[in-house]
Structures are given as C-alpha cells and as structure tokens.
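As structure tokens, the structure follows; a few thoughts come after it.
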Amino acid sequence: MPSNPANVCFHVRPGGALKGRLRVPGDKSISHRSIMLGAIAEGVTRISGFLEGEDSLATLNAFRAMGVAIEGPEAGKVTVQGVGLHGLKAPSGPLDLGNSGTSMRLLSGLLAGQQFDVELIGDYSLMGRPMRRVTEPLAAMGAQIGTTPQGTAPLRITGGRGLKAIDYPMPVASAQVKSCLLLAGLYADGRTCVTEPAPTRDHTERMLQGMGYAVDVNGATRCLESGGNLHAVNIDVPADISSAAFFLVGASIAPGSDLLLEHVGINPTRTGVIKILRLMGADIELLNGREIGGEPVADLRVRSAKLHGIDIPLEQVPLAIDEFPALFIAAACAEGRTILTGAEELRVKESDRIQVMADGLRALGVKAEATPDGMIIDGGSIGGGHVDSQGDHRIAMSFAMAALRAAGPIRIDDCANVDTSFPGFVQHAATVGLGIDHGVPVITIDGPSGSGKGTVSRLVAQQLGFHFLDSGALYRILALAAHQRDIGLDDEAALADLCRSLDIRFPAAVEQEQVLLEGQDVSDQIRSEAAGAGASRVAALPKVRQALLERQRDFRIAPGLVADGRDMGTVVFPDAEAKIFLTASAEERAKRRCKQLKEKGMDLVYSDVLADIAARDERDSSRAVAPLRPAADAELLDTTNLDIEAAVAAARRLIKKYLNR
Ligand code: S3P
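For the sequence shown, the working numbering gives the first residue as -2, with consecutive numbering after it.
If you want it as structure tokens, here you go:
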C-alpha cells in the first residue's frame, strides 16, 4: 500500500499513565446506519453524538448526492429529511466512499434494488478489499453488479432489476454482509433470511426494529419481508467501544493509570474486547449501565493491571474483530504467550492487520509471529523505534498506546487516516496523559568537531525555516547558569531542576552563532574555558543528562527542527525523519581548526592540532555513554573536499530523500 502523500507522523513520548475522564467520539457503525436508515425512513431523523469522522461523512455525502436533505453535522448533531424507501435519486457521478468498507458493503445492498444505475468507488485501500462476499449473494437475488476481475471495486450497480428474496447461509461471520442483504431484502420480493456462522454486531437489526420494521430473530437467522416502511426516530449515538478500546488497553498497560471512559456503547455483540482483556487480568468496571435508544451504554472505569498471556477464545473473535490491533499491544505487555487463531478476516481489513501489526511489533523488539489466521505474541518489553501503520487508522492508534510502556519514543508513519474513525485522537489522548507530537519533523546532523556540522545545520535550518538546536551548547549553558546562580557543579538534583527551568533559544542565524539565555546573548560566554570545563562535569551526571534529554526533545516544535550534536540521531531523536552523519578527514578538520584559531589571533602548530583531533576522535567514539558514531539509519556525508555551500547542498539532497522539503 503506498504511503499517504501528506505523511502525518505521530511521535509518541514513552512512559506516563492515563488518568481522568474521556468521552471518545460516536460509534462508527451506528453513525453509518443512522444516516442510511434515516434517509430511507418516512419523516425526520434527528441524530446526536454522530461520529464526524471521514468514514461516516462519506456515507452522509453519498446520501446528499442522492438527493437527501441533511443538515449538519454540527457538534455531533445531524438532521436527516427522510425520503422513504423509494425516494432516492440518481447521483450525478460515482459515489466516493473513501476508506470506508462499511459504506461500500451496506450501500451495495441498499442500492441494488433502486431504479437508477450507480457506481461505488473508494481510496486505494478500499478498492483492494474483497467485495464478492456481497456481490455474489446480491447476484443470487437478481442484482447486477460489475466488479474488477479480482472482485473488487469499482462496483457498477445496474438499477431497475427486480430483486428476489433469498435464504442465505453466510460463509463468513460479517455484520457488513448481513446488513447488506437485509437492506437489499427491503426491496426484494418476499422474505429474505440470512444465517450467520457466529454472532456479529446487530446494530442494523436493532435500528430497523427501532424504526418499526419487523425483523425476526431466530437463533443465528434474521429474516425480514419487503413491503413495509421505516419511521423516523431520534438516535443518540453512544461513544464507540472500538475507539474506547485503545484507552482500555493503554490504561491497562501503563502503571498508575485510572481512567473513566464515558457513555460507551456496550452492545453484547461488541464487547469482546472487554471479555478478552479481563481474561488477561485487566481491571475494567462497568458503571452506571443504562439503555439509550435501543443500545446498552455504560461508563467504563479502567485501572492498570498486571496482564498475562491467553489463548483468545474463538467465539470472541467476531465480537472483537476491530480491536485486535489494540489487543496485540496488550499481549506484547502481558506476561507469557498470547495466541490468536480463527481471525483470517484481519488480513482483509483496511490493511493486512496480521502482517502489519507483526512487522510493527517486531520493529519494537517484541517477539511476534504472524500465522495465516492470527498471531503468536510472547509478551515482554517494548523498545522505542519506528513503525509504519500502512495508512490503517487502528494500527496507528494502537502503536501510540504502546509508547506508554516503551523504553523510548515511537514514531508512527502514515497516520492521516486516524481521522476516518477518531477525529481529534491526538487531542483526546493528550487530555488524559499521552504525549503525541504530531507531524513535527526532525533532521539530525551529528559528527565530530571540524566536520562542518554547526554551520551546515544552521544553514539548513535557516533555509527550511526550521528551529535549530545546538545540543553541545546546552551543557555549556547549564554550567554557566549554575555558576551565575551559585549552584555547585556536584548538586545533581538542583542542576537537573535548573536545566528544566532555563529559557534557552538558538536563533538560526548563521553569521552570529547566537545563543540566548533568558533573552541575553551568552554566545561568547559559553565558549570560555570555564564553561567548557563545567560542561564536561555536568554532562557526567545521570539526572542532568535525563533532564537535558527532555529539554532537547522539547525543541521539536512546528514546523520542524534541525538538531546538531553528537548523539542526536542515536539517542535524542532516534525517530528523526532524516539523519545525517558528517565526517571529514582528520587532516582536513585540523586544517579548518587552525584557520579558525588563526582568525581569532591564535597561532597553533598544525601537527599538534592534528594529534589533538585524533586523540579526541578516539576518546569520543570509544566512551561508554552515547559514543560518537553514526545511527544505523544515518546517511554519511564526507565534507573533506566540499566547501560550505557544496556541503549544504549535499545535505539538502540527502534530506529530500526522506522529507518533502
Ligand atoms: C462493521 C462490521 C465489521 C467491522 C467494521 C464495521 C459494521 O466488519 O470490522 O469495522 O459496521 O457492520 P465485517 O462485517 O467485515 O466483519
């Protein structure tokens, strides 16, 4: 699957706990159905709590395109002027359903019985998803629907075909197939029955019944007769348990968490995630249970707990089908082995969720083995690193939760589709304690002194309009500030506090190499011998290093950052978008240093400077803490034979490979 052109990345800070209360957005499945059934009902349907995500908006826009007057959404409120079962009009062009499988599969049933032709299309992911599961039974009812030879969209539906009722045993447990055929059954001659091999979500049946349309439910079989009418009602959409699931997992795995998720739909065909998490040892309480518009709702209180691995019960698989990406993260944090089987459906969701999750988990150092119909995960520790969500919203949000237990930051690529189901995810997550920096790119430029990294970094920052961090200067500034405030260079706790409170800025002005401390230009002072000696003392203190690490990461501010130093790509920003390691021969660096010193009025012997540089190289690259070496994914740039202009141009070319800048 190609990457989204506007690559939205999540950079998630490690650790922390989830606390407080949260109402996640409205249920996606119910939001889709409220528009579809509201549109073909008699009268006005008023919806509240509607999910303003791209998927449900795709459904809303499709019905607008078929002549239905719809007001909103505004703060979750939508008003649908129903046109009755036979009032839809031919749209003027194809209906684009974006990323939404539910829209396409349910609409194919609803539209197969109309009098007009219509074409259904979607994005790259949706156009690759299997549609024969709906087109084959619809064809058996007499519908005419063209697909690609692979059985995928575009779906070309020919109108004016009289549909016949069928009695259909579904080969896959799919609420979308069941709903599609029941909607087609509204237009078919006779009594349409579908039998599901395992229970799946029943929102369509509930909503049809709520609108006064008889659906017979008998064991695994649902039947309806054509010829009736739907009557508009008010629909209050509960919060989506599939969106709440990320937080159920996040709060379970993050020590010290205590979170209340409000007004969550707990329809028994959707609560597999709660059952599975409880089997793993999760602490989830259902409070204040009530029924809203035919759907059960409760507030969910979740506290962190020690999870253990389980064999996931087969019968829970269709009841938690959308929650497995999140559950895999729970399994990665659990003690022991978790085994999922019977979930081959995960391979044909918005992405191949078995493969993409296994790849992502492995990239974070988790032992995860993809199987044809599930996954085997051995829980343990999660490392920081870089994963690709492959444009799958639920995978992006699941890995964001993984950061709560990760040893380092996690960068997640291709997150734009989070808006399909959970608009405002980053903000919601922030209110309860998850730190996501959203799409702020970092370029790291590391290397030994004399490689040109300082000048190249400033120029690159200036040209891109990015912020600039001279990380080496931070140690010197701290020593200087401690001196100014009479703080001893061995007072670790006071130094760490000081480090957190200082106002430090690096205007990316190449000529001046300016550093501002509390608004004062301290560029010259920090270059003094005393500041240099102080810097090496404070740099050896672990609490100071930790506080400095956080300070350095705080420089990651939109529109972007160029960070210059020695461990920027390896330690501070291991998730940077582009990493460059500058080198130059020791001879060339010695030459540059001599020239620099000469300009300052000092005359040194070239061979002494060269010997000094060689000794420092050896010390820097062999020290135990943050040794000077290129990150495994850094681009090497040798500036020995390049002047500054050429070095900057070469750096820009390398950056372009990773960032569209
Ligand atoms: C849905 C049914 C499920 C689910 C999807 C929404 C629905 O799909 O994965 O997100 O609203 O009917 P399947 O029916 O393909 O299992």
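No residue lacks a Cβ here, since even glycine has one placed at the ideal position from N, Cα and C.
In this text the structure is predicted, and so the values were computed from the model without any measurement.
Cutoff 8 Å; reference residue i; Cβ partners in own chain excluding five residues on either side
i	result
R30	L103, S176, H200, T201 and M204
L668	In the structure as shown, the chain starts at -2 and stops at 658, and residue 668 therefore has no counterpart that could be examined.
M208	L34, A38, L227, H228, A229 and V230
A3	Any reading at A3 must be qualified, since the residue scores a pLDDT of 43, below 50, and its modelled position is unreliable; the value itself is stated next. Same-chain partners within the cutoff: A413.
V512	D467, A470, I474, I501, R502, F503, D518, V519, S520 and I523
Cβ-based neighbour list, residue i, same chain, cut-off 7 Å, excluding 5 preceding and 5 following
i	result
R272	Reading the sequence as shown, one finds Lys at residue 272 and not Arg. Excluding sequence neighbours, K272 sits near Q313.
S100	H29, D52, A55, T56, A59 and L94
G40	G79, H228 and A229
G275	According to the sequence shown, residue 275 is Arg rather than Gly. Excluding sequence neighbours, R275 sits near I281.
G529	R473
N285	A295 and D296
L546	V569
H305	M277, G278, A331, E332 and G333
A660	Not covered by the structure: residue 660. The range shown for the chain is -2 to 658.
Secondary structure of residue i, DSSP reduced to three states
i	result
P265	coil
R589	helix
Q173	helix
H60	It should be pointed out that residue 60 corresponds to Phe in this sequence rather than to His. Helix.
R10	coil
K303	coil
G377	coil
I281	strand
F463	coil
R219	strand
T192	strand
V437	coil
F47	coil
M372	strand
P168	coil
D74	First, the residue type needs correcting, since residue 74 is Lys and not Asp in the sequence shown. Strand.
G182	helix
F552	coil
I407	strand
I37	coil
K653	helix
Residue environment, residue i, which counts as buried when at least 16 other CB atoms sit within 10 Å
i	result
R482	exposed
R129	exposed
A403	buried
R563	buried
P70	buried
A172	buried
H464	buried
Y184	buried
N675	Lying outside -2 to 658, the shown extent of the chain, residue 675 is not represented and no answer is given.
A506	exposed
M599	exposed
N96	buried
I232	buried
Q571	Going by the sequence as given, residue 571 is Pro instead of Gln. When all chains shown are included, P571 counts as buried.
I652	buried
T428	exposed
Q147	exposed
V602	exposed
Close-in-space but distant-in-sequence residues of the same chain around residue i (CB under 6 Å, 5 per side omitted)
i	result
M450	Note on residue identity: the sequence assigns Lys, not Met, to residue 450. Excluding sequence neighbours, K450 sits near I442, G444, D561 and L579.
P151	E116 and I118
A536	Y472
L361	I379, G380 and G382
A544	A493, C496 and R497
V75	I44, F47 and G69
S0	Here the model assigns S0 a pLDDT of 34, short of 50, so the residue's position is not dependable, and the following value carries that caveat. Excluding positions up to five away in sequence, the list reads D411.
T452	I641
Q549	S468 and V569
L656	P438, E574 and A575
A323	A242, F243, V246 and S395
Any chain C beta carbon closer than 8 Å to residue i
i	result
K74	Among the chains of the structure shown, chain C does not appear; only one protein chain is present.
Around ligand 1, which residues pass a check of Cβ closer than 5 Å to any of its heavy atoms?
Look at which beta carbons fall closer than 5 Å to any heavy atom of ligand 1; those residues are S26, T99, S171, A172, Q173, I318 and D319.
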